[in-house]
Amino acid sequence: MQFADRRRLTPEEKAAEQEARRKRRRRRRVIGWSMIAAGCLVLLAGGWVAFRAYQAYTNLDAAATRVQDLQEQLGGDGAGVDSLDEAAARQTISDLQADAAAARSAVSDPLYRMATGLPLVGANLDAVGTVSNTVNSLAQDVMPPLLDVATTLRPENLAPKDGVIPLAPIQQISPTLQNADAAIDQALVDVGGIDRSALAQPVADAVTKLGDKLVQAADLTDPAARIARLAPAMLGADGPRTWLVVFQNPAEPRATGGIFGSFALIRADQGKIEILDQGASSRSIGWFQQPIAELTATEKGLFGDLPGQFPQDVNLTPDYERAAQLYTDMYMARTGTSVDGVLALDPVVLSYALKGAPAIEVGNGVTLDSGDLVEALLSRAYAQFDENDQAARDEFLAAATGKIFSTVMSGGVNSRAVIEGLRQGVREHRVLIQSNNVGEQADLSNTDLTGQLDGLGATRPTVGVFLNDATAAKLGYYLQPKVVVTDGDCRTDGRRLLDVSVTLTSDAPSTATPLPGYVLGDSELGAQHGVLTDVLVTAPLGGGIVSATRDGGDTAYSRGEIDGHETGSAPIQLLPGETKTVVFQVLSPVGSPATDVAPRLVTSPLVSPWTTEVGAYRVCRAEG
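Per full-length UniProt numbering, the very first residue in the sequence shown carries number 1; after that it's consecutive.
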C-alpha cells in the first residue's frame, strides 16, 4: 500500500526534474568533448614536440656534414693550413652556425622543454637538447676564432728566419686557444654528463659520436693551448734561456729513439737562437766512474748503473724527463754550465725539415739534402772515416748536425717543410722537450713533446714497446720493426689479457760486405754482422706483465716498473736476414663493462718506421 500512498509530482516539479536531467546530460557532453579536446591537444603537442625533435635532428645532421667539410678545408686531407681557402671556410662556418642555431631553437621551444620531464621519452629529448646546445655554443663562440688561429698558423708566419723564431704570432693566438680549449673542456663535461643507459640506441649512438669528436678536438686544442702559452717564455720572451739540443742516433737504438750522440748548447733570447757550444757525448762528456745521480731500484734492475755513467745510456729508460735530467747533470758536471732544459731531435726529423731545400755543404766536402741525410749521417759516416779515428768522425757528425740546424734556423729552407716536418716529428716522438722549470714541465706533460707514457691520449690504456741496443753497435740502421697487439681471455678480476708481439728483422749485409768495427759493436756477435737488442715492453697503468715467449718458447726476461707501469725486458739476437719474435702477455686495466677500447701504442722512433696492428677489445666484466 506504500506505493499507493506516494505523492504525485506537480507539473512544476516535473519540469524541474526534466531540467535537472538535461543539465546532467549537457554536463556529461561537455566533459566528453573536453576530454576529446584535451586528447587532441595532447596529440597536437606530442606531434609538435616530435616535429621540433625532427628539426633538431635534421639540423644537427647537417651541422655534422659542415664540420666534416671544415676539417677538410683546414687541412684534414694533409695539405696543411697553407692551402686553406679562407673564404670557403668562413662560408662553411656561417652555414654551420645557421644549422646549429636552428637545432638550438628547436630544443628551446617551451613545449619541448616541458616534454623533457616526461617518462620514457624525456631523457632522449633532454639528451638531444644538450647536444644541440653544445654544438651551437661551439659553432657560435669557438669556430670563428679558431679559423683566425688557422690563418695565423701559416708556415710562413711561424718558420724561423735569420736565426729568429717569431714570437708575436704565437702570443697573438694564445688567448684564443686558451678560450677554445676551455669551451671544449666544458662541452666534454656537458656531454659526458648524459646518462646513455636511459637513451634509445640511435640517440645514445649520436651522443657517443659527439663525445668522441670532442675528445679528438681536445687532443688538438689542449696541447696547442699549452704550447702557445709556454713557447714564448721558453724561447726567451721573458729573459734569455739556455737549452741543450741533443741529436739522437737511432742507428744505435735507445728507448726514446737513439743514443744521445752530438749536442749543441743554444741561447734563446726574444726568439733569437744562438749556438754557444757543440760537441759529442762520448768525448765532450764521457764516462763517469760513479753514477752521476742516485738510480732507482728499477733502473738498476733493468739497466744496471749505465744510465748514470754513460751519456749515451741515459735514455735506456723510455722516461725522457728522467733521461734529460741525467744528461743535464752530466753536462753541468763537465762544464759547470747550467741549462733550462733539453730538446731532443734526430736526423729523420731534420730530413723532414729539409724537404724541397737545396743541398747543404756540411764539411769534409760532403753535401746533404733531404733524400740522403739519414743514410749519410747514420751509415755512410762510419765508412767515411778510419774506424780508429773516432774523434774525427764525432767532430764531423757534430759539425754536420749543427750546420743543418743552423740552416733550418736561418730560413734558408722551405717554411712549409720546416713546420710540417716538425709536426710529423712530434707525432712520431722524434721531437722531445724537457724543462727544468717545474711549472713548465707539468704543463708540457699532457702533450706529445715529453715522451711520457701517460701524456696526451692517456684516457686510453697505453702499451709501450721500446728497443735498446745491447752491443754498442750501429746496426739498428738495418732493423725492420713490427708490433701487433691482440686481445686474449678475460680474467675474473675484470682485466683482459693482451698479447704484445714484437717482431724484428735484420736487413744488415752479410759478412761478404765488410762493415767498420765501430758499426759492428763490441760483442763477438758483431763479427757475424749480428745484433743483440733488448725489447722493453710496458703494460698499461693498472695492468701488468704476465709472461714472455720468444719464437714460441718460454724466455727469461727482466722485470721492473717505470712511471707506475709494470715493465718487462727480453733480448732478441739477430743475424743478417733473420726474423725473430718476442711476445709479452700483459694485462689491461679494469674498465667500464660493455665498452670497446683501442689501446694507445707508443714505440721507439727508429730509422725505419714501425709496422703496427692494434685491435680494439671489449672490456671484461669482473666476476663475483
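Think of the CB as a built atom: it goes at the ideal place given N, C-alpha and C, for glycine as much as any other residue.
7 Å Cβ shell around residue i - same chain, five flanking residues per side excluded
i, result
"residue 414", "355, 356, 357"
"residue 161", "411"
"residue 214", "184, 187, 188, 191"
"residue 333", "292"
"residue 222", "181, 446"
"residue 526", "471, 473, 520"
"residue 249", "258, 259, 261, 378"
"residue 398", "262, 278, 279, 280"
"residue 487", "496, 498, 615, 617"
Limits of the alpha helix (DSSP H) - the one that residue i falls within
i, result
"residue 264", "No alpha helix (DSSP H) holds residue 264; the beta strand (DSSP E) holding it covers 257-269."
"residue 212", "201-234"
"residue 616", "Where residue 616 is concerned, there is no enclosing alpha helix (DSSP H), given that its DSSP letter is neither H nor E."
"residue 370", "Careful: residue 370 lies outside any alpha helix (DSSP H) and carries neither H nor E."
"residue 387", "Note, residue 387: premise wrong, no alpha helix (DSSP H); not H, not E."
"residue 451", "Segment: none, residue 451 is in no alpha helix (DSSP H) and carries neither H nor E."
"residue 303", "297-303"
"residue 170", "168-192"
"residue 438", "438-444"
"residue 571", "Unbroken run through residue 571 is the beta strand (DSSP E), 565-574; no alpha helix (DSSP H)."
"residue 326", "320-335"
Per-residue burial, residue i [other beta carbons within 10 Å of its own, 16 or more giving buried]
i, result
"residue 87", "exposed"
"residue 364", "exposed"
"residue 547", "exposed"
"residue 510", "exposed"
"residue 41", "A caution first: residue 41 carries a pLDDT of 41, below 50, which makes its placement in the model too unreliable to give a value."
"residue 543", "buried"
"residue 442", "exposed"
"residue 380", "exposed"
"residue 216", "exposed"
"residue 308", "buried"
"residue 2", "Note on residue 2: pLDDT 49, under 50, position unreliable in the model; the coordinate value appears next. So residue 2 ends up on the exposed side."
"residue 276", "exposed"
Pairwise C-alpha distance: residue j and residue i
i, j, result
"residue 504", "residue 229", "41 Å"
"residue 157", "residue 493", "53 Å"
"residue 553", "residue 502", "14 Å"
"residue 347", "residue 464", "23 Å"
"residue 143", "residue 201", "29 Å"
"residue 608", "residue 428", "12 Å"
"residue 163", "residue 272", "6 Å"
"residue 319", "residue 444", "14 Å"
"residue 382", "residue 262", "15 Å"
"residue 483", "residue 591", "24 Å"
"residue 582", "residue 298", "22 Å"
"residue 78", "residue 251", "Only weak support is given to the placement of residue 78: the predicted model assigns it a pLDDT of 48, under 50, and the value that follows is read from those uncertain coordinates. Their Cα atoms are separated by approximately 29 Å."
"residue 407", "residue 149", "27 Å"
"residue 101", "residue 91", "15 Å"
"residue 478", "residue 604", "15 Å"
"residue 425", "residue 452", "16 Å"
"residue 390", "residue 281", "12 Å"
Cβ distance (whole Å) where residue i is taken to contact residue j below 8 Å
i, j, result
"residue 395", "residue 516", "Contact flag wrong, Cβ pair sits at about 17 Å."
"residue 567", "residue 560", "5 Å"
"residue 599", "residue 419", "Going by Cβ atoms, the distance from residue 599 to residue 419 rounds to 30 Å, so no, they are not a contact pair."
"residue 207", "residue 131", "6 Å"
"residue 89", "residue 74", "7 Å"
Run of the beta strand (DSSP E) containing residue i, from where it starts to where it stops
i, result
"residue 585", "579-587"
"residue 315", "No beta strand (DSSP E) holds residue 315; DSSP gives it neither H nor E."
"residue 486", "479-490"
"residue 247", "241-254"
"residue 280", "272-280"
"residue 435", "432-435"
"residue 467", "462-469"
"residue 545", "544-550"
"residue 359", "Where residue 359 is concerned, there is no enclosing beta strand (DSSP E), given that its DSSP letter is neither H nor E."
Sequence-distant residues of the same chain with beta carbon closer than 6 Å to residue i, five excluded per side
i, result
"residue 489", "497"
"residue 274", "267"
"residue 46", "Any reading at residue 46 needs caution, since the residue's pLDDT is 49, under 50, leaving its predicted position unreliable; the model's value is listed next. Around residue 46: no qualifying Cβ."
"residue 283", "394"
"residue 351", "370, 373, 374"
"residue 129", "107"
"residue 178", "225"
"residue 508", "475, 478, 529, 576"
"residue 103", "56, 59, 60, 132"
Cβ-based neighbour list, residue i, same chain, cut-off 8 Å, excluding 5 preceding and 5 following
i, result
"residue 218", "181, 184, 185, 188"
"residue 367", "359, 360, 361"
Cutoff 8 Å: residue i Cβ touching any chain C Cβ
i, result
"residue 399", "This model lacks chain C altogether; it includes just one protein chain."
Residue i: CB within 7 Å of a non-hydrogen atom of the ligand ATP
i, result
"residue 242", "The ligand ATP is not among the ligands present in this structure, which contains no ligands whatsoever."
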